[in-house]
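Down below is the structure, laid out as structure tokens.
Number of protein chains: 2
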Amino acid sequence: MKVAVYGAGNQKLYVDQLNLPEKYGGEAPYGGSRMAIEFAEAGHDVVLAEPAREMLDDAHWKVVEDAGVTVTDSDAEAASEAEMAVLFTPFGKKTFDIAKDITKHLPEGAVIANTCTVSPVVLYYVLERELRRDRQDLGIASMHPAAVPGTPQHGHYVIGGHSSSELDIATDEQISRCVELAESCGKTAYVVPADVSSAVADMGSLVTAVTLSGVLDYYYVGTQIIKAPVEMVEKQILMTLQTIASLVETSGVNGMLKAMNPELLVRSAKSMHLLEEQEELDAAINTLADLDDEVTQWINKGEIRHTDLVAAQALAKELKNLMGGKAAEGTIRRCMRKMFE
Amino acid sequence: MKVAVYGAGNQKLYVDQLNLPEKYGGEAPYGGSRMAIEFAEAGHDVVLAEPAREMLDDAHWKVVEDAGVTVTDSDAEAASEAEMAVLFTPFGKKTFDIAKDITKHLPEGAVIANTCTVSPVVLYYVLERELRRDRQDLGIASMHPAAVPGTPQHGHYVIGGHSSSELDIATDEQISRCVELAESCGKTAYVVPADVSSAVADMGSLVTAVTLSGVLDYYYVGTQIIKAPVEMVEKQILMTLQTIASLVETSGVNGMLKAMNPELLVRSAKSMHLLEEQEELDAAINTLADLDDEVTQWINKGEIRHTDLVAAQALAKELKNLMGGKAAEGTIRRCMRKMFE
Chain A
3 MKVAVYGAGN QKLYVDQLNL PEKYGGEAPY GGSRMAIEFA EAGHDVVLAE
53 PAREMLDDAH WKVVEDAGVT VTDSDAEAAS EAEMAVLFTP FGKKTFDIAK
103 DITKHLPEGA VIANTCTVSP VVLYYVLERE LRRDRQDLGI ASMHPAAVPG
153 TPQHGHYVIG GHSSSELDIA TDEQISRCVE LAESCGKTAY VVPADVSSAV
203 ADMGSLVTAV TLSGVLDYYY VGTQIIKAPV EMVEKQILMT LQTIASLVET
253 SGVNGMLKAM NPELLVRSAK SMHLLEEQEE LDAAINTLAD LDDEVTQWIN
303 KGEIRHTDLV AAQALAKELK NLMGGKAAEG TIRRCMRKMF E
Chain B
3 MKVAVYGAGN QKLYVDQLNL PEKYGGEAPY GGSRMAIEFA EAGHDVVLAE
53 PAREMLDDAH WKVVEDAGVT VTDSDAEAAS EAEMAVLFTP FGKKTFDIAK
103 DITKHLPEGA VIANTCTVSP VVLYYVLERE LRRDRQDLGI ASMHPAAVPG
153 TPQHGHYVIG GHSSSELDIA TDEQISRCVE LAESCGKTAY VVPADVSSAV
203 ADMGSLVTAV TLSGVLDYYY VGTQIIKAPV EMVEKQILMT LQTIASLVET
253 SGVNGMLKAM NPELLVRSAK SMHLLEEQEE LDAAINTLAD LDDEVTQWIN
303 KGEIRHTDLV AAQALAKELK NLMGGKAAEG TIRRCMRKMF E
């Protein structure tokens, strides 16, 4: 497969700041350059586009080239034959600019795949005009490493499949191409809904994992021990998570914490300790009961701003009924981008 | 203070099913009858309204009456002089019926306070017609025990103050009355926004506590270790929690888990272990990595239904701009009730 990787990865961040070699193992170069190396070692034709030579030192560039990767500073050149273009580029506008640019150069039917720096759905919306007008053949998918490439933790890729809103941004064949590329390097390929991939693969997956452990704990205690109806337990889960999310949206993390009062929460949550083993609850209570002075002051400085606590999907449905599905699309899209950008 | 408590509490649930005496300590009667006893012992004039005599056995009824509580099966009679009416009544319609009924009988300026079985904001909306038309003097607040009254864990009350949407459903004096009643029994009174009280005081506080510990962990790792911009870290938190909440809303807990793939999440979240001590993350990874066959099958049977992932507050704002604030109120209200009822 002909593959272009955009962005070699900032080795100063990985090595000096995050101290990956000691903390996680593996060796530099990490990031996009490591992905390129692994693709080349799996037998693919790989070009790595990186205009900022200083991202890697000379020894690391030699490792890249010795693996058979072609290095270029021209995004267009890297795109010209790529069946798969993988963006390991900086967060924000830079990634959008590169993506827009390469839509002009990619061959018929190519896939543009994000990694951790943007959601595939946002990438689709940013490129939508180009894709609909000029390049209906291109697909948007992801090759999200969900760990830093080059660390032993990187044993898999998260691939955005058909989205939960039925928006299709890549064909089955294009999604399969991502799976094939991942598996050819000996990585596990997880296909998840495109719009869910960020929540399970980005840095915030820490929050997702901890939250899900709490959801599972409560679902068990609620339905099996307290024997409350499933609908009631699910409504409580929706309510608590929607409340936290909306307060973070309007008031930031410290405003949310001020509204929720960790001290109170410790007392309330202790009452839900109904089993011998509720490891996540014990850990949560320890954390919330033991906030240091600095954190407490930061919470006290929080400001609770106007928040209309609503069930988001119910509101989206009302909007569609009100405006008609087609007309509501633009609004829903803007509000989706508010979440991801 | 003259206080009416509605609902004595189901002792079969507390003692036989939840096994509170052994698990938590304290002694029966638990629940509304224990609240009534404690209010009476603090020197208040207390009436307990309970039409279902079988909720307590004779020995427990004797404890209630020995404390000086007047017992009645008439809701109207209990209301007739109550400055404070506390609803320890069943979930759902029953509570609304009792609340509607007593608005006809309560004296000038009384407060109707929910406990764990309904949110104060929902109670307000259900009673709104009566309150606006006939009884503008009544206030809606809460005396939420956030633990089963009668257990040693019940050292506090959660009181719904001014809401985060600036909807005022009780006066300052009425909120203070709740605080005074709580403190007169030696309990700590926590005043939180009325619309947030359910999330920090109901059964779901287990989920809230665990989630917040994950948010704090990630906020620290994101801003201090990875040194990502605060806005980006907060956006990730919003995105992950809004995604989970919305998937639960459309697809239930197992549909959500199917979309998010716990196995994948374990792998992603492990990469966010960047400190020695991330107790909640360790616990979460243990839980998610060790799902038993039954749970796995239940997740596999989940169905991912149509979900429009949007930032809820952005959508509420768009709706208000579109319809005008006044006209949007009804829609926002309906979508709030979808979350709480």
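Line by line, the protein sequences are chains A and B.
If you count the first sequence from 1, position 36 lands on 38 in this note's numbering, and the numbers rise without skipping.
If you count the second sequence from 1, position 317 lands on 319 in this note's numbering, and the numbers rise without skipping.
Virtual Cβ for every residue (Gly too), placed ideally from N, Cα, C.
Every value quoted in this text rests on a predicted model; they were computed, and no experiment measured them.
CA-to-CA distance, residue j to residue i, given in whole angstroms
i, j, result
"A:E79", "A:H46", "17 Å"
"B:A201", "A:L266", "11 Å"
"A:A158", "B:V150", "For the record, residue 158 of chain A in the displayed sequence is His; it is not Ala. C-alpha separation (whole angstroms): 46 Å."
"A:S82", "A:L50", "12 Å"
"B:L140", "B:G11", "25 Å"
"B:C187", "A:E305", "31 Å"
"A:V48", "A:F98", "22 Å"
"A:R335", "B:V312", "8 Å"
"A:A314", "B:T213", "19 Å"
"A:W300", "A:M258", "11 Å"
"A:A184", "A:T190", "7 Å"
"A:G349", "A:R36", "Since the first residue of chain A shown is 3 and the last is 343, residue 349 of chain A is not available in this structure."
"A:E56", "A:H62", "11 Å"
"A:L283", "B:V73", "39 Å"
"B:G28", "B:T289", "31 Å"
"A:T173", "A:V120", "20 Å"
"A:L125", "A:T245", "28 Å"
"B:I287", "B:E296", "18 Å"
"A:D75", "A:K340", "32 Å"
"A:S253", "A:R307", "5 Å"
"A:A329", "A:K319", "13 Å"
"A:G326", "A:C337", "17 Å"
"B:V250", "B:E281", "26 Å"
Spatially closest choice to residue i from the options, by CA coordinates
i, options, result
"B:T309", "B:N263, B:S248, B:G326, B:M338", "B:S248"
"B:P31", "B:S270, B:A329, B:L58", "B:L58"
"B:Q155", "A:H275, A:T190, A:G157, A:T72", "A:H275"
"B:G332", "A:T153, A:L259, A:C118, A:L324", "A:L324"
"A:G224", "B:V209, B:K229, B:S253, B:Y221", "B:V209"
"A:K96", "A:G9, A:V255, A:P23, A:E182", "A:G9"
"B:A101", "B:E40, B:E282, B:L133", "B:L133"
"B:E343", "A:Q13, A:E233, A:K303", "A:E233"
"B:D294", "B:H164, B:P264, B:E279", "B:P264"
"A:V88", "A:V113, A:P109, A:T105, A:K229", "A:V113"
"B:I171", "B:D68, B:A196, B:P92, B:Y192", "B:A196"
"A:K303", "A:D292, A:K272, A:N256", "A:N256"
"B:Q238", "B:Y220, B:K229, B:D204", "B:Y220"
"B:Q176", "B:L169, B:E168, B:S144", "B:S144"
Residue i, DSSP secondary structure in three states
i, result
"B:A30", "coil"
"A:H158", "strand"
"B:G188", "coil"
"A:G163", "strand"
"A:V202", "helix"
"B:M274", "coil"
"B:D174", "helix"
"A:L89", "strand"
"A:T74", "strand"
"A:V194", "strand"
"A:P151", "strand"
"A:P264", "helix"
"B:P23", "helix"
"A:Q280", "coil"
"B:A38", "helix"
"A:T309", "coil"
"B:K237", "helix"
"B:G257", "helix"
"B:K340", "helix"
"B:N323", "helix"
"B:A69", "coil"
For residue i, the first and last residue of its enclosing beta strand (DSSP E)
i, result
"B:Y8", "4-8"
"A:D47", "47-51"
Enclosing alpha helix (DSSP H) for residue i [first to last residue]
i, result
"A:D292", "Taken as a continuous stretch (DSSP letters only), A:D292 belongs to no alpha helix (DSSP H), as it is neither H nor E."
"B:T210", "207-222"
"A:D18", "Careful: A:D18 lies outside any alpha helix (DSSP H) and carries neither H nor E."
"A:Q226", "Taken as a continuous stretch (DSSP letters only), A:Q226 belongs to no alpha helix (DSSP H), as it is neither H nor E."
For the segment 118-147 of chain A, list the alpha helix (DSSP H) runs that are entirely contained and at least 4 residues long, ordered along the chain. Segments of the alpha helix (DSSP H) lying fully in the segment 118-147 of chain A: 122-135.
In chain order, which continuous runs of the alpha helix (DSSP H) of length 4 or greater are located wholly inside the segment 93-121 of chain A? Correct list: 95-105.
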